[in-house]
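**Q**
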Amino acid sequence: MSEPTERELHDYAERLARFRSIAAPAMLRRDLRGAILAAPYVPARSRGTAWTLRLRPVLAVLVVFAILAGGAGSAAAGSLPGDAAFGLKRAVEDVQVSLASSDTARLDLLVAQTDRRLDELETLTARGSAAVGAGTDEYNAALGRVQQMLATVSSEPETSERDAAIAHAHTAIAAHVTRLEALATKLPEAAQQGIQRAIEAGKGVGADKTDHPSKPSEPGKPSNVPGGGPSSPGGRPTETSRPTPPTPSHR
Amino acid sequence: MAEADLNVLAQAADRPPDEQELARRAAAGDRRAFAALYDLHLDAVYRYAFFRVRSDAEAEDVTSEVFQRALIAMPRYEPRRPFLAFLYTIARNVVADRFRKARPAASFEDAIKHESDLPGPEETSLRLDEARRVREAIGKLTELQQEVIVLKFIEGRETKEIARITGKPEATIRGIQMRALAALRGLVSLEEKV
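Residue numbers (the numbering used here), protein chains in the order written: chain L, 1 to 251; chain F, 252 to 445.
Laid out in structure tokens, this is it:
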């Protein structure tokens with residue numbers, strides 16, 4: 001076989017270039033984008049070593065398998081901040097959020113998580129547990145994730161589902177403020193700073209309730225959420241409470 | 252939604268979204284900025300993976316892993332570096348890791364016969380069939396030839412950029428281009444028009 005001429009190679013290269021029109025499958029595009037937006041933000045200072053970074057995704061998968069295969073799910077489900085099994089509970093929650101079908105579903109899941117964190121904080125307080133500080137930190141972190149997702153959802157096109165999810169989030173967080181204020185009177189001095197931060201952040205979310213859900217928050221308005229999430233969008237509260245969406249059992 | 256996000260970011264900056272700015276925000280933990288970068292470069296990463304691995308399903312896995320690793324690595328990303336080059340470097344590593352772990356028994360031909368059940372890239376089936384034949388042939392080239400074919404001739408990247416991504420001198424990349432092209436042409440013919 002004779003060597004190809006320069007012209008022949010040039011033609012061949014041009015034909016190869018037409019594969020540049022191949023695009024990623026729509027399902028991959030959508031699912032991966034959703035997972036990226038829902039991925040919890042881990043500040044650089046607490047990211048750990050290169051080894052833990054490499055192991056983190058593997059650990060997440062192992063955790064889920066361990067829970068499914070080993071029956072650790074029930075132990076993790078009842079765990080509280082400070083318990084060894086609480087990490088498993090959080091890992092499963094993160095997976096649930098990343099697998100949610102839409103940003104509004106993610107927002108609902110994240111709001112349900114703040115409900116859970118507040119229940120746990122109340123339990124810890126009632127028991128006089130030394131882990132109330134950890135419980136407050138977990139609540140603040142969960143609230144930060146809600147506020148970030150609120151900002152994302154509020155930037156999406158208006159739909160009744162979107163508006164309802166935003167309103168539900170505002171109503172839930174406003175109710176949390178009342179419970180947090182009651183809790184603050186029972187907490188030791190050491191835990192006061194954390195809970196006051198949570199109350200302030202919760203009020204910040206609640207203060208936007210009078211705006212219409214579709215109306216974005218004031219540009220450049222600083223976040224009230226611990227951790228410095230984006231400014232909260234507006235939202236009109238509804239009187240009806242939305243049920244927590246079912247946990248997706250598969251992708 | 253992808254375009255809407257880009258528009259929001261563009262309006263916020265009162266100018267088209269700047270990749271360096273997006274990367275800076277993404278490195279600071281702004282998921283929407285990272286999602287905008289993802290929207291810009293997903294197809295390029297997917298195509299690279301498509302032509303460097305053995306099946307559509309594996310290409311999807313590699314693409315997911317690339318963005319997952321990129322997200323984790325963002326705090327260490329140097330914004331002056333082109334973001335796509337950063338992604339290609341990760342993609343190279345992901346593909347290399349996969350080939351290192353691959354079982355010797357699983358031949359390229361076997362993998363071709365077991366394509367993903369998921370829908371393929373959004374292209375005509377004819378072009379996709381041809382792309383799969385080309386992928387099979389590319390798999391028979393040396394690793395550096397594969398890089399050159401995919402990055403230079405399919406993706407249209409500059410020689411200098413390919414040299415940076417592969418860690419080879421520009422002269423080496425330039426010298427291998429025509430040989431890689433001739434080798435691939437000897438393995439698979441391409442229809443004049445698909």
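The beta carbon of each residue, even a glycine, is placed where N, CA and C say it ideally should be.
Mind listing which residues of the stretch 288-314 of chain F have their C-beta closer than 7 Å to chain L's C-betas, in chain order?
**A** Against chain L - using a Cβ distance shorter than 7 Å - the residues of the stretch 288-314 of chain F are Y289, L293, D294, Y297, R298, F301, E311 and T314.
**Q** On the DSSP letters alone, give me the boundaries of the alpha helix (DSSP H) that E442 of chain F sits inside.
**A** Unbroken run through E442 of chain F: none, as it is neither H nor E.
**Q** Under three-state DSSP, which class holds S315 of chain F?
**A** Of the three classes helix, strand and coil, the one that applies to S315 of chain F here is helix, per DSSP.
**Q** Should the stretch 333-343 of chain F be called in touch with the stretch 377-393 of chain F, which here means at least 3 C-beta pairs below 8 Å?
**A** No, they do not touch.
**Q** Are the beta-carbon atoms of P81 of chain L and L143 of chain L separated by less than 8 Å?
**A** No; because the gap between Cβ atoms is not below 8 Å, this pair is not in contact.
**Q** Taking Cβ positions, are L183 of chain L and I166 of chain L nearer each other than 8 Å?
**A** Their beta carbons are not under 8 Å apart, which means L183 of chain L does not touch I166 of chain L by this criterion.
**Q** Under the rule that 16 or more other beta-carbon atoms within 10 Å means buried, what is T104 of chain L, buried or exposed?
**A** T104 of chain L is buried by the Cβ-count criterion.
**Q** Please work out which residues of its chain come closer than 7 Å, Cβ to Cβ, to A357 of chain F, disregarding the five sequence neighbours upstream and downstream, and give them in chain order.
**A** Because the pLDDT at A357 of chain F is just 39, under 50, the model does not fix this residue reliably, and the point stays unresolved.
**Q** At the level of alpha carbons, what is the spacing between L9 of chain L and E272 of chain F?
**A** Rounded to whole angstroms, L9 of chain L to E272 of chain F spans 40 Å at the Cα level.
**Q** If you draw a straight line from the alpha carbon of Y12 of chain L to that of S2 of chain L, how long is it in whole angstroms?
**A** Their Cα atoms are separated by approximately 16 Å.
**Q** Please compile the residues from chain L whose C-beta is within a distance smaller than 8 Å of the C-beta of A433 of chain F.
**A** Those are E3, P4 and L9, listed as they occur along chain L.
**Q** With distance defined between alpha-carbon atoms, name the residue in F:E409, F:S440 and F:V317 nearest to Q428 of chain F.
**A** Here the closest residue by C-alpha is F:E409.
**Q** When the Cα atoms are used, what is the spatial distance from K391 of chain F to A433 of chain F?
**A** The alpha-carbon atoms of K391 of chain F and A433 of chain F are separated by roughly 13 Å.
**Q** Consider the Cβ of L39 of chain L: report whether some Cβ of chain F lies at a distance smaller than 8 Å.
**A** At residue 39 of chain L the sequence reads Ala, which differs from the Leu that was named. Yes - at least one Cβ of chain F is within 8 Å of the one on A39 of chain L.
**Q** Taking only the alpha-carbon atoms, compute the straight-line gap between R162 of chain L and S98 of chain L and give it to the nearest angstrom.
**A** Roughly 18 Å between the two C-alpha positions.
**Q** Could you give the distance in angstroms between the alpha-carbon of A141 of chain L and the alpha-carbon of D94 of chain L?
**A** Their backbone Cα atoms lie some 13 Å apart in a straight line.
**Q** Find the residues of chain L that neighbour I427 of chain F, judging by a C-beta separation of less than 8 Å, and give them in chain order.
**A** Simply none; closest approach about 13 Å.
**Q** Say whether the stretch 308-315 of chain F touches the stretch 24-38 of chain L, bearing in mind that this needs 3 or more beta-carbon pairs closer than 8 Å, one atom from each stretch.
**A** These segments touch.
**Q** Do A190 of chain L and G133 of chain L count as a contact pair if the criterion is CB distance below 8 Å?
**A** It is a contact, given that the beta carbons lie within the stated cut-off.
**Q** State the start and end residues of the unbroken alpha helix (DSSP H) segment that holds G34 of chain L.
**A** Residues A26 to A38.
**Q** How would you call D348 of chain F, buried or exposed, if buried means at least 16 neighbouring beta carbons within 10 angstroms?
**A** The residue is exposed, with fewer than 16 neighbouring Cβ atoms inside 10 Å.
**Q** Distance cutoff 8 Å, beta carbons only. Does L322 of chain F sit that close to anything in chain L?
**A** So, interface residue.
**Q** Is it buried or exposed, Q193 of chain L, if we count other Cβ atoms within 10 angstroms and call 16 or more buried?
**A** Burial call: exposed.
**Q** How is the alpha helix (DSSP H) around M149 of chain L delimited, first residue to last?
**A** M149 of chain L -> alpha helix (DSSP H) spans V132 to S154.
**Q** From the beta carbon of E409 of chain F, is the nearest beta carbon of chain L less than 8 Å away?
**A** By this cut-off, E409 of chain F is not an interface position.
**Q** Give the interface partners of R29 of chain L over in chain F, defined as CB-CB distance under 7 Å, in chain order.
**A** Under the 7 Å cutoff, chain F gives L293.
**Q** Taking P188 of chain L as the query, report the chain F residues whose CB atoms sit under 8 Å from its CB, ordered along the chain.
**A** Chain F residues near P188 of chain L: none, gap ~32 Å exceeds 8 Å.
**Q** On a CA-only basis, which of L:L187, L:T114 and L:F86 is nearest A201 of chain L? Give me that one, please.
**A** Of L:L187, L:T114 and L:F86, the residue nearest in Cα terms is L:T114.
**Q** L379 of chain F: which of L:R18, L:P4 and L:F86 sits nearest, CA to CA?
**A** Checked all of L:R18, L:P4 and L:F86; the closest Cα to L379 of chain F is L:R18.
**Q** On the three-state DSSP scale, how would you describe L379 of chain F?
**A** If DSSP states are grouped into helix, strand and coil, L379 of chain F belongs with the helices.
**Q** Is there a C-beta anywhere in chain L that falls below 8 Å from the one on L392 of chain F?
**A** Not one chain L Cβ lies under 8 Å of L392 of chain F.
**Q** Mind checking if A184 of chain L is an interface residue toward chain F, Cβ cutoff 8 Å exclusive?
**A** Not closer than 8 Å to any Cβ of chain F, the Cβ of A184 of chain L fails to qualify, so no.
**Q** Starting from the beta carbon of A24 of chain L, find every residue of chain F whose beta carbon is closer than 7 Å, and list them in chain order.
**A** L293, D294, Y297, T314 and P372, listed in chain order.
**Q** At a cut-off of 7 Å, is A324 of chain F close to the ligand NAP when judged by its beta-carbon and the heavy atoms of the ligand?
**A** This structure lacks the ligand NAP; in fact it carries no ligand of any kind.
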